[in-house]
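Trainee: In the UniProt record's numbering, the protein residues as written are 1 to 704.
1. Per DSSP, what kind of secondary structure is residue 610 in: helix, strand or coil?
2. Is DSSP giving residue 320 helix, strand or coil here?
3. Could you check if residue 452 is buried or exposed, using at least 16 other CB atoms within 10 Å of its CB as the buried criterion?
4. DSSP puts residue 172 in a beta bridge; with which residues?
5. For residue 325 and residue 571, I'd like the C-alpha separation in whole angstroms.
6. Can you look up residue 615 in the DSSP assignment and give me helix, strand or coil?
7. Can you check which of these residues, 604, 512, 128 and 187, is closest to residue 382 by C-alpha distance?
8. Considering Cα atoms alone, identify which of 112, 574 and 375 is closest to residue 535.
9. Since residue 735 and residue 384 should fall inside the 8 Å C-beta cutoff, what is the C-beta to C-beta distance between them, to a whole number of angstroms?
10. With burial defined as no fewer than 16 other Cβ atoms inside 10 Å of the residue's Cβ, what is the status of residue 673: buried or exposed?
11. Are residue 120 and residue 440 touching if we call contact CB-CB under 9 Å?
12. Going by C-alpha to C-alpha distance, which of 59, 30 and 631 sits closest to residue 720?
13. Can you grab the Cα-Cα spacing for the pair residue 401 / residue 485, in whole Å?
14. Can you tell me where the alpha helix (DSSP H) with residue 60 in it begins and where it stops?
15. Which runs of the alpha helix (DSSP H) at least 4 residues long sit entirely within the region 103-153? Give them in chain order.
16. Based on Cα-Cα distance, which residue from 65, 180 and 175 lies nearest to residue 141?
17. Touch check for the region 522-538 and the region 608-618: three-plus C-beta pairs under 8 Å?
18. So, at 8 Å on beta carbons, what are the nonlocal neighbours of residue 458 in its own chain, with the 5 sequence-adjacent residues on each side left out?
19. May I ask you to report which of helix, strand or coil DSSP gives residue 680?
20. Whole angstroms is fine: what's the gap from residue 202's alpha carbon to residue 597's?
21. Tell me the DSSP secondary structure of residue 514 in three-state form.
22. From the DSSP output, in three-state form, read off residue 459 for me.
23. In chain order, which continuous runs of the alpha helix (DSSP H) of length 4 or greater are located wholly inside the region 377-440?
24. Within 10 Å of its beta-carbon, does residue 16 have 16 or more other beta-carbons around it, so buried, or fewer, so exposed?
25. To which residues of the same chain is residue 100 closer than 7 Å at the C-beta, ignoring the five residues directly before and after it?
26. If you follow the alpha helix (DSSP H) that residue 532 is part of, which residue opens it and which one closes it?
27. Please name the residue, chosen from 566, 541 and 150, that lies closest to residue 467 on a Cα-to-Cα basis.
28. Where does the unbroken alpha helix (DSSP H) through residue 587 begin, and where does it stop?
29. Among 557, 690 and 472, whose alpha-carbon lies nearest the alpha-carbon of residue 635?
30. Would you check if the region 576-592 and the region 491-504 touch, i.e. whether three or more CB-CB distances between them fall below 8 Å?
31. Consult DSSP for residue 477 and reduce its assignment to one of helix, strand or coil.
32. Tell me the rounded alpha-carbon separation between residue 429 and residue 443.
33. Do you know whose CA, among 48, 677 and 87, lies nearest residue 38's CA?
34. Round the Cβ separation of residue 177 and residue 131 to the nearest angstrom and send it over; I've been treating them as touching at under 8 Å.
35. Taking only three categories from DSSP, how would you classify residue 332?
36. Among the candidates 168, 352 and 638, whose CA atom is the shortest distance from the CA of residue 699?
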């Protein structure tokens, strides 16, 4: 997703004419040999070190033009992408990324530019020109190098591995590259650098990963509204066959590959009269009822007509079980059938055994320096500030937020110096602003999800501390506020101008833009960027509340059930899965009347969400459901996190947390200084102190 307002507004006139040697001057870039291209890039690299700011900016724009694929010399979009990939690997080979990193650090520490931006009443694109050019080159390099293709050369594969290690290692001042970008976020949100282009910074720190498990699942139909049910009952009284009056929404999963054998009869999708909203659900928003996506015309078949689209039958997930659930099941069964419980004795024996199993750990804890570990170590001192800054940006970019005078200005890198004076210019700027906000939401949601996933893989307590900072910063109500809108309108928003997308706009003739063409938008049925953001936010909410009963009660207190049920109107399997997960964990708290009135939602949870042993989510008999101990649960978790951080990262360690050598072989193998006459009385001491003393084995299992 390339911002055309930045990437195309570059000076591509600085080509071989300016920096080429006498032999290459006047020739096109694509005509040069590889050695000549290397020599040209080396001259650009030397020119980046000049002290003149304007000359340095011209050189940076020339590098950006190379990274964009020298589009002025290409005839097709394929050629632009080909030369962009070739040039980016060449730029990385010549050390351009390291030089750009030094320039970026210099721009971040430029106190004169920061103070000038703070004093300005209105900030525009002109205040962040240098930063945007540098970030654009670095973004193109990261995004291009990380993507693997079938025709990659062996040297490109090696460059990709080296670049990956380089990004995860301390690059500048002993800090990872991501930490430098997080510093830019906090400086922007603290109003110390309001000219920083936040959208480009956020896009640079996240990487998109895909999930393949849910692709085989089929989206469920959304629950019917009360008005539809009333009309349905009236038709039944008149003796007519009941059909839903509105056009059935097509599934987003089958948008590009529709099932030609799917039955279009909507009798299977009818709603039961008992599926009405009542109790905690409140009234149904009539706006949601009117937004029904018309199915697109079927594309040409991509497979032989004899091949059917087979959706898997049965439950899509294999059931899982926790060790805690197994122990609870066995304990209940023993008590029920034979009247005996191991209980306290079993826990003591297990702790005694685990203590000896862990005795191999000795001395100081060996911590592997993974990229996630180094990033956590760098973020730990200011972790709360990073989390709060990201949530501030998410709140400012959310479509449900209202403009406030004291809020941060996230439009600094999208507003022009001169405001529009015509209707067409105003419409184009409005589309740019909405698209700008959507990209910020997408980047922040993906970034938070990646932080939680990578920290959880690295160490569970690193995941827990980030989660707790998010909870304390009101991330849960913020996400619920985001979904408390007409979600169908957000998913189907058309805030893009296709003719201005890169590289289309630099290869083809630019058509004349009119108000009608801007209002019509693109031809896509859905905005995949907004759908991606919604799924990310739902996954974050799931990670924050999973196995945390106190946080689950926050979902109930904030009345999330009707908000989440409206999100089920989006017929996309992955999004529905995470919505149903959030509804599942709180059904036991919503009461019998809610479960009775939402049987179709309960059925969808059973069909699509993974089940666990002794999981009585539909009945509310969980012994761990204690909504009154929120502070105790969070405080206990906080205490464990602080012990973990003190033991692992505190250089001035307290004696209580100093590692103790518990290995029997290691302790017995240590050399101990004994008195000279000890070997004369050793046998008497052994008989008196060891052999003649009875050992109370039962006392080992008792509390001291």
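Backbone N, C-alpha and C fix where the C-beta goes; we use that ideal spot for every residue, glycine too. As the structure is a prediction and not an experimental result, all values here were calculated from the model.
Mentor: So, from the data block:
1. Within the chain shown, the letter at position 610 stands for residue 610. It is coil, neither helix nor strand.
2. On the chain shown, position 320 is the one that residue 320 refers to. Residue 320 falls in the strand class under three-state DSSP.
3. Sequence index remark: in the chain shown, residue 452 carries index 452 (1-based). Classification for residue 452: buried.
4. Start at 1 with the first residue of the chain shown, and residue 172 comes out as number 172. Residue 172 is bridged to 175.
5. As a first step, residue 325 must be located in the chain shown, where it is residue number 325. As a first step, residue 571 must be located in the chain shown, where it is residue number 571. Cα to Cα, residue 325 sits roughly 34 Å from residue 571.
6. Translated into the one-based positions of the chain shown, residue 615 becomes position 615. Collapsing the DSSP output to three states places residue 615 in coil.
7. On the chain shown, residue 382 is found 382 positions in, with the first residue counted as 1. Nearest option by C-alpha distance: 187.
8. Against the chain shown, residue 535 aligns to sequence position 535. Selected option, being the one with the closest Cα: 574.
9. It is not possible to answer for residue 735, since the shown part of the chain is limited to 1 through 704.
10. The count along the chain shown starts at 1 and reaches residue 673 at position 673. The residue in question, residue 673, is exposed, as its Cβ has fewer than 16 Cβ neighbours within 10 Å.
11. As a position in the chain shown, residue 120 is number 120, starting the count at 1. As a position in the chain shown, residue 440 is number 440, starting the count at 1. No, the Cβ-Cβ distance between residue 120 and residue 440 is not below 9 Å.
12. Lying before the first or after the last residue shown, residue 720 is absent from the chain, which here runs from 1 to 704.
13. For the purposes of this step, residue 401 is taken as the residue at position 401 of the chain shown. For the purposes of this step, residue 485 is taken as the residue at position 485 of the chain shown. Spanning the two alpha carbons is a distance of roughly 11 Å.
14. Reading the chain shown from its first residue, position 60 is the one you call residue 60. Secondary structure note for residue 60: its alpha helix (DSSP H) is the uninterrupted segment 53-67.
15. 111-119 and 129-146
16. On the chain shown, position 141 is the one that residue 141 refers to. Taking only the C-alpha atoms, the option nearest residue 141 is 65.
17. no
18. One-based indexing of the chain shown puts residue 458 at position 458. If we look at residue 458 and ignore the five residues flanking it on each side, its Cβ neighbours are 370, 372, 373 and 376.
19. Numbered from its first residue, the chain shown carries residue 680 at position 680. If DSSP states are grouped into helix, strand and coil, residue 680 belongs with coil.
20. Start at 1 with the first residue of the chain shown, and residue 202 comes out as number 202. Start at 1 with the first residue of the chain shown, and residue 597 comes out as number 597. Rounded to whole angstroms, residue 202 to residue 597 spans 43 Å at the Cα level.
21. Within the chain shown, the letter at position 514 stands for residue 514. Residue 514: coil per DSSP, three-state reduction.
22. Residue numbering aside, residue 459 sits at position 459 when the chain shown is read from its first letter. Coil at residue 459, not helix or strand.
23. Unbroken alpha helix (DSSP H) stretches of 4 residues or longer found wholly inside the region 377-440: 383-397, given in chain order.
24. The residue given as residue 16 occupies position 16 in the chain shown. Residue confidence for residue 16 is low, a pLDDT of 41 falling below 50, so the modelled location carries little weight; the figure read from the coordinates is stated next. Label assigned to residue 16: buried.
25. Indexing the chain shown from 1 puts residue 100 at position 100. Excluding positions up to five away in sequence, the list reads 134, 137 and 138.
26. Working through the chain shown from its first residue, we reach residue 532 at position 532. First-last of the alpha helix (DSSP H) with residue 532: 528-545.
27. Within the chain shown, the letter at position 467 stands for residue 467. Among 566, 541 and 150, the Cα nearest to that of residue 467 belongs to 541.
28. Taking the first residue of the chain shown as position 1, residue 587 is located at position 587. First-last of the alpha helix (DSSP H) with residue 587: 573-590.
29. Taking the chain shown and counting its residues from 1, the one referred to as residue 635 is at position 635. Ranking 557, 690 and 472 by Cα distance to residue 635 puts 472 first.
30. no
31. For the purposes of this step, residue 477 is taken as residue 477 along the chain shown, with counting starting at 1. Three-state DSSP puts residue 477 in a helix.
32. Looking up residue 429 in the chain shown gives position 429. Looking up residue 443 in the chain shown gives position 443. Taking the straight line from one Cα to the other gives about 21 Å.
33. On the chain shown, residue 38 is found 38 positions in, with the first residue counted as 1. Nearest option by C-alpha distance: 87.
34. Against the chain shown, residue 177 aligns to sequence position 177. Against the chain shown, residue 131 aligns to sequence position 131. Rounded to whole angstroms, the Cβ separation of residue 177 and residue 131 is 15 Å, and the two are not in contact under 8 Å.
35. As a working note, residue 332 is residue 332 in the chain shown. Correct three-state label for residue 332: helix.
36. Position 699 of the chain shown holds residue 699. When only C-alpha atoms are compared, the closest one is 352.
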